[in-house]
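Asks: Would you mind keeping the following structure in view while I ask a few things?
There are 2 protein chains.
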Amino acid sequence: MRIIDATRGRPHALQLALCDEMLTAQLENYFAENGMDVRNYGGGDGIPEMKRIFAELLRVDMNEVIVGGNSSLNMMFDCVATFVLERKWGANSKFICPSPGYDRHFSICEYFGIEMITVPMTPDGPDMDAVEELVRDPQVAGMFCVPVFSNPQGYVYSDETIARLAKMHAAHPAFRIIWDDAYTIHHFSGERPQPLNILDECRKNDNESRPILFTSFSKISVAGASVSCAAAAGESFKILQKRIAAQTIGPDKINQLRHARYFKNKNGIEAHMKKHAEILRPKFELVINAFEKNFAATNATFTKPLGGYFISVEIPGNAKHVCQLCKDSGVIITEAGATFPYGIDPADSNLRFAPTFLSSEELEKALEVFCLSVQKAVK
Amino acid sequence: MRIIDATRGRPHALQLALCDEMLTAQLENYFAENGMDVRNYGGGDGIPEMKRIFAELLRVDMNEVIVGGNSSLNMMFDCVATFVLERKWGANSKFICPSPGYDRHFSICEYFGIEMITVPMTPDGPDMDAVEELVRDPQVAGMFCVPVFSNPQGYVYSDETIARLAKMHAAHPAFRIIWDDAYTIHHFSGERPQPLNILDECRKNDNESRPILFTSFSKISVAGASVSCAAAAGESFKILQKRIAAQTIGPDKINQLRHARYFKNKNGIEAHMKKHAEILRPKFELVINAFEKNFAATNATFTKPLGGYFISVEIPGNAKHVCQLCKDSGVIITEAGATFPYGIDPADSNLRFAPTFLSSEELEKALEVFCLSVQKAVK
């Protein structure tokens with residue numbers, strides 16, 4: 004039996020090939036705009052042109068940006084490590100985890116022994132009544148957020164949600180929001196969502212150190228060799244800078260220069276993202292059409308995201324069952340429960356469908372198996 | 004006044020240019036030898052061909068190698084962080100720091116609040132009587148070693164030193180040696196030093212988890228965008244692997260593939276290092292000739308390394324003075340004291356001279372100023 008792997012949000016080879024020109028371009032010279040030879044040591048927080056691009060993308064000041072290596076997950080892990088090591092977050096810290104959410108965020112918490120508290124997601128973002136209640140606990144040290152095209156539902160936080168996150172009183176003196184803006188410009192239909200600026204809002208409320216923003220080019224250029232960044236202000240920026248000064252003599256600045264010269268600015272990125280959209284949109288349409296047709300007679304519901312990498316399915320009490328039925332027919336989807344802290348979905352309901360990595364032919368086969376499994380399970 | 008900066012072990016632009024061919028080479032395809040598309044996610048511990056190259060270089064098994072990003076300093080920092088976070092090393096841990104040594108090792112200890120204990124260096128490596136005495140203290144959790152062309156003296160550990168490091172009984176249950184083999188193949192005169200294999204020796208003595216080896220291509224390919232690795236066995240390997248699994252979806256594998264295809268194996272590296280040697284040897288000869296001529300009537304002594312990036316000068320009671328005199332004349336050398344923990348050289352004696360980054364003309368000017376400063380200081 005040929006196995007079809009629809010577990011992860013990996014770009015398809017056709018998407019990766021969109022960037023071959025960047026990878027093979029001859030750099031005219033190796034000097035960043037500040038005169039630094041990018042082949043040599045130095046520049047621990049990145050080259051200026053890359054800072055400027057990230058600043059424009061995240062709507063922050065370029066002096067608030069730290070450009071890193073190829074993985075924003077790595078930067079988030081290191082950020083959490085830093086707050087633990089610096090004893091900003093004590094031994095009994097807890098994190099708010101809007102769920103369903105991103106399993107690798109949960110893995111970071113698990114690694115550090117941070118207790119995870121699940122908060123439900125709504126189409127406007129996390130249930131803010133629950134969040135506001137939880138942050139009154141002085142052990143609640145932080146929160147993971149994917150504000151745009153949330154993983155796996157593809158929801159976009161509303162302005163009200165963001166305003167409340169910025170304004171709420173947190174009892175923990177070093178409460179932080181890990182703002183994983185991974186899909187910030189990853190719309191494949193309609194306009195780019197431009198929710199309220201979290202850093203501006205927090206600043207207005209005297210909470211400038213609260214959000215630490217992350218994003219990367221992993222789903223803009225190439226997943227395995229992109230450029231990532233963190234952005235922060237106030238004490239948060241200082242804490243990250245201090246660690247970086249001890250941790251490294253500098254990130255890969257050649258790759259940064261390659262990216263900066265190829266993409267140039269937000270306009271360059273937007274033009275490139277249209278090419279991704281042309282590959283992604285038909286896949287998502289295929290999935291949504293199949294779900295609409297096949298779930299009509301079931302209690303399964305699903306999201307219809309306009310960007311991001313996933314479609315989320317709810318099938319109360321039957322997620323594990325569907326997962327197993329798919330597996331039996333050679334289609335592997337993200338493990339049921341993986342979208343919840345500790346891998347435990349209390350309602351055994353959520354499934355994450357990842358269509359991007361599959362060819363059209365594989366996707367059609369996967370959808371056939373998946374829809375049939377849902378129908379079988381709810382019988 | 005034109006300032007000449009001889010502070011750091013940076014390669015000269017001519018050395019960086021030796022690798023332009025690698026940076027501009029068109030990769031025929033993007034598949035590692037295990038079939039993995041290096042542009043996509045995955046392969047958290049590196050591609051097999053790069054593991055094999057590092058394994059050959061460090062004389063370990065390729066299954067003991069974890070390939071990382073561009074900076075071995077970053078990997079060392081993360082390694083120490085891991086042992087602290089995993090509570091292998093408690094709050095009152097101490098580290099043995101052979102000195103003079105590498106200031107960035109000391110910065111890592113300082114960042115984590117690890118108390119540093121200075122042990123003198125000898126031409127055969129650290130004073131092993133002192134080391135064997137110190138490891139009887141159950142709070143001594145580890146030790147930094149640069150076994151080949153030590154920074155700054157350019158000494159190579161003797162086989163006896165390595166055998167004793169492998170054999171000695173350490174009271175701390177998780178005692179580790181951070182084996183920074185940064186200059187493993189960086190000889191510019193004579194044959195490559197091949198000291199005893201630390202991992203083999205430790206294994207023979209039932210201490211296989213003791214050494215954690217690090218090296219990188221930073222002074223083989225390009226300092227700012229190379230590939231680094233860690234190598235370890237037993238529990239140490241497991242601890243590092245566990246962190247990496249939570250920390251990242253994978254390092255930059257395109258850069259790994261570029262390196263692997265360009266250098267191929269140890270022979271390829273050796274051929275390339277000959278080109279570096281041709282640039283470095285005359286610079287070191289210039290320095291040593293100048294020191295021999297100008298220090299004769301002083302009490303200053305110096306090392307004559309056959310590889311690495313530094314020459315070490317001893318001028319008891321006058322290091323700070325010389326440093327200041329140089330500065331006054333526009334030549335900045337590594338701060339006096341920087342080669343000792345906490346920046347304190349008790350004898351105010353050691354100075355590190357870094358000739359590599361300078362052009363011949365700059366180097367001659369720097370040597371003139373340095374030698375004159377030494378003569379002035381000892382008057």
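Protein chains in written order, with this note's numbering: chain A, 4 to 382; chain B, 4 to 382. Think of the CB as a built atom: it goes at the ideal place given N, C-alpha and C, for glycine as much as any other residue.
Rounded to whole angstroms, what's the CA-CA distance from Y186 (chain B) to F152 (chain B)? Just pull it up for me.
Replies: 6 Å
Asks: Under 9 Å, do P101 (chain B) and G128 (chain B) count as touching if we go by C-beta distance?
Replies: yes
Asks: Determine contact between the segment 78 to 89 of chain A and the segment 168 to 176 of chain A, defined as no fewer than three beta-carbon pairs at a distance below 8 Å.
Replies: No, the segment 78 to 89 of chain A does not touch the segment 168 to 176 of chain A.
Asks: Do I117 (chain B) and F98 (chain B) have their C-beta atoms closer together than 9 Å?
Replies: yes
Asks: Within 10 angstroms of the Cβ of T27 (chain A), are there 16 or more other Cβ atoms? Answer buried if so, exposed if not.
Replies: exposed
Asks: Measuring only between beta-carbons, confirm whether Y160 (chain A) sits less than 9 Å from chain B.
Replies: no
Asks: How is T85 (chain A) classed by DSSP in three states: helix, strand or coil?
Replies: DSSP, read as helix, strand or coil, puts T85 (chain A) in helix.
Asks: Less than 9 Å between CB atoms is the rule here; does V87 (chain A) satisfy it with respect to chain B?
Replies: yes
Asks: For the candidate residues A:A35, A:R107, A:K323, A:A274, whose alpha-carbon lies nearest to that of A380 (chain A)?
Replies: A:K323
Asks: By the 10 Å Cβ neighbour count, where 16 or more other Cβ atoms means buried, how is N154 (chain A) classified, buried or exposed?
Replies: buried
Asks: Candidates A:R179, A:V377, A:D132: which alpha carbon is nearest A300 (chain A)'s?
Replies: A300 (chain A) has its Cα closest to that of A:V377, out of A:R179, A:V377, A:D132.
Asks: Distance, Cα to Cα, I291 (chain B) vs P14 (chain A)?
Replies: Looking at the backbone, the Cα of I291 (chain B) and that of P14 (chain A) are separated by about 55 Å.
Asks: Buried or exposed, going by whether 16 or more other CB atoms sit within 10 Å of the CB of Q156 (chain A)?
Replies: By the neighbour-count rule (16 or more Cβ atoms within 10 Å), Q156 (chain A) is buried.
Asks: Could you give the DSSP three-state label for G271 (chain B): helix, strand or coil?
Replies: In the structure shown, G271 (chain B) adopts helical secondary structure according to DSSP, grouped into three states.
Asks: Just to confirm my understanding: we take S224 (chain B), look at its own chain, exclude 5 residues before and 5 after, and list those with CB closer than 7 Å. What are they?
Replies: C22, M25, H262
Asks: Near K307 (chain B), what residues of its chain come up, given a Cβ to Cβ distance below 7 Å and the 5 sequence neighbours on each side ignored?
Replies: I291
Asks: Under the three-state reduction of DSSP, which class applies to R355 (chain B): helix, strand or coil?
Replies: strand
Asks: Spell out whether any CB of chain A is found under 9 Å from the CB atom of F356 (chain B).
Replies: Output row for F356 (chain B): interface = no.
Asks: Give a yes or no on whether 9 Å exceeds the smallest Cβ distance from G45 (chain B) to chain A.
Replies: Yes, its Cβ sits closer than 9 Å to a Cβ of chain A.
Asks: Run down chain A in chain order and give the residues with a C-beta less than 9 Å from the C-beta of F80 (chain B).
Replies: R246, A249, Q250, T251
Asks: For a quick check, are the C-beta atoms of M119 (chain A) and P349 (chain A) less than 9 Å apart?
Replies: No, the pair does not count as a contact, with Cβ atoms beyond the cut-off.
Asks: Have a look at N258 (chain B) and A226 (chain B) and give me their C-alpha separation to the nearest angstrom.
Replies: 13 Å
Asks: Determine contact between the segment 64 to 82 of chain B and the segment 234 to 246 of chain B, defined as no fewer than three beta-carbon pairs at a distance below 8 Å.
Replies: yes
Asks: Am I right that I215 (chain A) and C112 (chain A) are in contact with their C-beta atoms under 8 Å? What's the rounded C-beta distance?
Replies: Going by Cβ atoms, the distance from I215 (chain A) to C112 (chain A) rounds to 15 Å, so no, they are not a contact pair.
Asks: Hey, how far is the Cα of Y44 (chain B) from the Cα of N302 (chain B)?
Replies: Between Y44 (chain B) and N302 (chain B), the alpha-carbon positions lie close to 58 Å from each other.
Asks: Report the residues of the segment 295 to 309 of chain B with a CB closer than 8 Å to any CB of chain A, ordered along the chain.
Replies: Listed by position along the chain: nothing, the set is empty.
Asks: Whose Cβ in chain B lies nearer than 7 Å to the Cβ of I335 (chain A)?
Replies: Within 7 Å Cβ-Cβ: nothing; I335 (chain A) doesn't reach chain B, min ~15 Å.
Asks: Let me confirm a value: M79 (chain B) is counted as buried when at least 16 other C-beta atoms fall within 10 Å, else exposed. Which label applies?
Replies: buried
Asks: Could you please give the first and the last residue of the uninterrupted alpha helix (DSSP H) stretch that includes R2 (chain A)?
Replies: No answer is possible for residue 2 (chain A): the residues shown for chain A start at 4 and end at 382.
Asks: Any beta carbon from chain E within less than 9 Å of F115 (chain B)'s own beta carbon?
Replies: The chain labelled as chain E is not found among the protein chains of the depicted structure, namely A and B.
Asks: Using a Cβ cut-off of 8 Å, which residues of the segment 99 to 126 of chain B contact any Cβ in chain A, in chain order?
Replies: From the segment 99 to 126 of chain B, only R107, S110, I111, E113, Y114, F115 have a Cβ closer than 8 Å to chain A.
Asks: Which residues bound the alpha helix (DSSP H) around S376 (chain B)?
Replies: 363 to 381
Asks: Could you give the C-beta distance for I247 (chain B) and D48 (chain B), rounded to a whole number, given that I count them as a contact under 8 Å?
Replies: I247 (chain B) to D48 (chain B), Cβ: 6 Å. Contact.
Asks: Output the residue ranges of the beta strand (DSSP E) runs that lie fully inside the segment 185 to 258 of chain A and measure 3 residues or longer, sorted by chain position.
Replies: 214 to 219, 231 to 234
Asks: Could you give the first and the last residue of the continuous beta strand (DSSP E) run that contains F98 (chain A)?
Replies: 97 to 102
Asks: Alpha carbons only, please: which of A:Q197, A:V122, A:L202 is nearest the one belonging to W182 (chain A)?
Replies: A:L202
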